[in-house]
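If you read the sequence shown in our numbering, its first letter stands for residue 6, the second for the next number, and so on. The structure under discussion appears below in the form of structure tokens.
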Amino acid sequence: MKRNNKMQTTTFIDNFITPRLTRSPDGRLLFDGFDCEQLARQYGTPLYLMSEDTVRANCRRHLNALRRYLGADAVAAYAGKALSCRQIYRIIADEGMYADAVSSGELYTAYASGFDMSHIIFHGNNKTPADIAYAQKLGVGLIVADSSYEVAMISRSAASAGIVQPILLRLTPGIDAHTHQKISTGQADSKFGIPIDRAPEAVAHALSMPGVRLDGIHCHIGSQISDPKPFCDALEILLDALSGLQSDTGFTARIINLGGGFGVRYVDSDTAANPDTIFSALGSMLDDFCRTRRYPHPAVITEPGRSIVADAGITLYTVGNIKQSGAGTTYVSVDGGMADNPRYALYCAPYTALAAVESPGGSATISHTSAPLSDEDYLPTEFNLPDTAFNDCAIVGRCCESGDILVPHAHLPRVCPGDIIAVLNTGAYNYSMASNYNRLPRPPIVMLHNGKAYVAVRRETPEDVAALDC
Ligand code: PLP
């Protein structure tokens with residue numbers, strides 16, 4: 006599909022939380038210059054759209070700040086759990102990033118994209134023996150061991166493969182990152198990592214294992230963190246531990262991996278993490294530590310996921326059933342939901358929704374389609390709801406769960422069945438968390454780049470969904 010010529014007349018609306026999302030003077034939502042409603046008609050809905058340029062810009066911003074403040078040898082490993090498909094690995098490799106992976110599926114996807122597997126960091130709190138052997142067969146650069154038990158497993162597997170596996174030990178600093186409980190990982194009572202006070206015995210054990218080479222330590226405190234303080238607190242604890250480890254065990258870390266977790270904006274009130282602010286604070290701490298303790302400056306690794314892809318993506322849906330509940334809530338049902346975005350159902354994650362076409366004033370009723378409705382298309386809604394009913398409406402999905410909500414309090418213009426709405430900043434943890442619940446086929450990912458739209462992941466069919474049934 007060709008970029009819409011209306012791009013030239015686009016007005017940038019400052020308060021959109023999504024880069025490259027604009028509204029034309031006649032009220033049409035444009036993403037990277039493409040008319041969203043036209044894309045929806047062309048590719049169908051639900052539809053994940055990604056701006057490749059935003060992904061690239063996010064990579065550059067992170068990597069530039071990281072290297073400016075933490076050293077030219079610093080490495081950013083994109084956390085594939087945020088969005089894993091072949092094309093994303095090609096893009097991030099092209100931007101000079103490494104990647105982390107947590108399963109054989111993610112490993113294979115990276116491998117199948119042609120990714121340099123020595124640039125892969127393999128994670129997980131319960132890697133199976135098969136996962137470890139597969140990671141080693143593919144030649145991953147580093148494995149992050151979650152426990153001493155895992156170190157022993159990695160060592161045994163490496164020995165039988167005739168290699169010595171470079172590893173990091175994941176330590177849990179015991180701090181509260183002040184983010185949602187379900188995306189916190191650095192607190193004392195975490196299923197991830199080795200409690201920091203047990204680091205000396207874990208390091209001594211790892212140093213004694215013949216199949217591994219202990220290169221350093223890792224720590225990831227949680228996700229969606231914008232305040233530099235939790236990152237600084239974690240680093241302070243890690244540096245303190247490193248100093249003790251050097252005197253107790255003689256171990257000097259060549260690598261410190263600080264994990265990911267850099268926050269993004271989902272709604273107006275969110276603040277995005279600023280890589281310059283965070284990395285300059287971390288850089289000063291690390292430099293001070295190395296200078297005063299005469300500690301060799303370790304190479305720093307980060308693992309950003311969400312901050313690379315979240316605001317590069319939006320999801321388009323078609324509105325179907327619109328009704329008012331007995332309690333007065335206006336329910337706007339769309340043709341997707343928790344199967345393509347389970348994040349509200351999982352942890353009440355907030356999102357922003359916009360109509361794909363809106364009058365310039367913002368709230369008036371408008372003609373809702375540019376394409377004529379076909380026979381199989383939508384009928385007018387049976388209710389004549391006032392415009393005000395949409396000022397605070399619930400956008401809900403089509404799954405058989407009351408918790409299947411996308412946006413519980415959306416502010417929309419009057420929408421009608423057949424209209425397209427966009428949920429913003431869905432690039433992270435949407436496709437990667439999508440399921441076939443209710444046997445719904447997963448939507449495609451269409452990437453936008455240089456005035457062209459291309460399919461990065463095709464739409465599943467009902468046949469795909471049943472393909473593995475015996
Ligand atoms: N690294 C590790 C070990 C993680 O567990 C996660 C997320 O769960 C990430 C990196 C990526 O976090 P984010 O997407 O918030 O940057």
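Just so it is clear, CB atoms sit at the ideal spot from N, CA and C, and this is done for glycine as well.
- Three or more Cβ pairs closer than 8 Å define a contact, and the segment 205 to 217 meets that threshold against the segment 151 to 169.
- The segment 32 to 102 contains, as complete alpha helix (DSSP H) runs of 4+ residues, the segments 41 to 48, 57 to 75 and 91 to 99 (chain order).
- Distances from the CB of residue 354 to the heavy atoms of ligand 1 are all 6 Å or more.
- Sorting 23, 290, 107 and 343 by C-alpha distance to the C-alpha of residue 58 places 23 at the top.
- In the three-state reduction of the DSSP assignment, residue 352 falls in the helix class.
- Distance from the C-beta of residue 394 to the nearest heavy atom of ligand 1 is not below 6 Å.
- If you keep only unbroken beta strand (DSSP E) runs of at least 3 residues inside the segment 254 to 295, you get 260 to 262.
- Here DSSP, grouped into helix, strand and coil, assigns residue 328 to strand.
- Between residue 194 and residue 289, the alpha-carbon positions lie close to 29 Å from each other.
- Within its own chain, the residues whose Cβ lies closer than 8 Å to the Cβ of residue 412, once the five positions on either side in sequence are excluded, are 349, 355, 356, 357, 358, 399, 400 and 428, listed in chain order.
- Residue ranges of uninterrupted beta strand (DSSP E) with 3 or more members are absent from the segment 224 to 255; none lies entirely inside it.
- Less than 7 Å divides the Cβ of residue 64 from the Cβ of residue 313.
- Non-local beta-carbon contacts of residue 463 in its own chain, meaning distances under 7 Å to residues more than five positions away in sequence, involve 449 in chain order.
- A distance criterion of 6 Å places the beta-carbon of residue 310 in contact range of ligand 1, judged by its closest non-hydrogen atom.
- A Cβ-Cβ separation of about 5 Å places residue 104 in contact with residue 85 under the 8 Å criterion.
- Comparing alpha carbon positions, the residue from 249, 49 and 56 closest to residue 39 is 56.
- According to DSSP, residue pairing for residue 127 in a beta bridge involves 106 and 148.
- Around the beta carbon of residue 50, 16 or more other beta carbons lie within 10 angstroms, which makes this residue buried.
- At least one heavy atom of ligand 1 sits closer than 6 Å to the Cβ of residue 228.
- Ligand 1 has no heavy atom closer than 6 Å to the beta-carbon of residue 221.
- Ranking 170, 203 and 410 by CA distance to the CA of residue 179 puts 203 first.
- Between the segment 101 to 121 and the segment 333 to 346, the count of C-beta pairs closer than 8 Å stays below three; the two stretches do not touch.
- In summary, residue 280 is buried, with 16 or more beta-carbon neighbours lying within 10 Å of its beta-carbon over all protein chains present.
- The straight-line gap separating the alpha-carbon atoms of residue 149 and residue 391 is approximately 56 Å.
- Look at residue 239: its beta carbon is at least 6 Å from all of the heavy atoms in ligand 1.
- One Cα belongs to residue 456, the other to residue 173, and the distance between them is close to 42 Å.
- For residue 209, the enclosing alpha helix (DSSP H) covers residues 204 to 212.
- Looking at the DSSP output, residue 411 bridges to nothing.
- Looking at the backbone, the Cα of residue 212 and that of residue 159 are separated by about 13 Å.
- When the Cα atoms are used, residue 106 and residue 94 turn out to be separated by approximately 11 Å.
- Ranked by Cα distance from residue 143, the first of 133, 151 and 117 is 117.
- Contact check for residue 230 and residue 266: beta-carbon distance about 5 Å, within the 8 Å limit, so the pair qualifies.
- For residue 136, the three-state secondary structure derived from DSSP is helix.
- Remark: the shortest separation between the CB of residue 264 and any heavy atom of ligand 1 falls under 6 Å.
- Beta-bridge partners of residue 338 (DSSP): 401.
- Straight across, the Cα-Cα distance linking residue 397 with residue 418 is about 10 Å.
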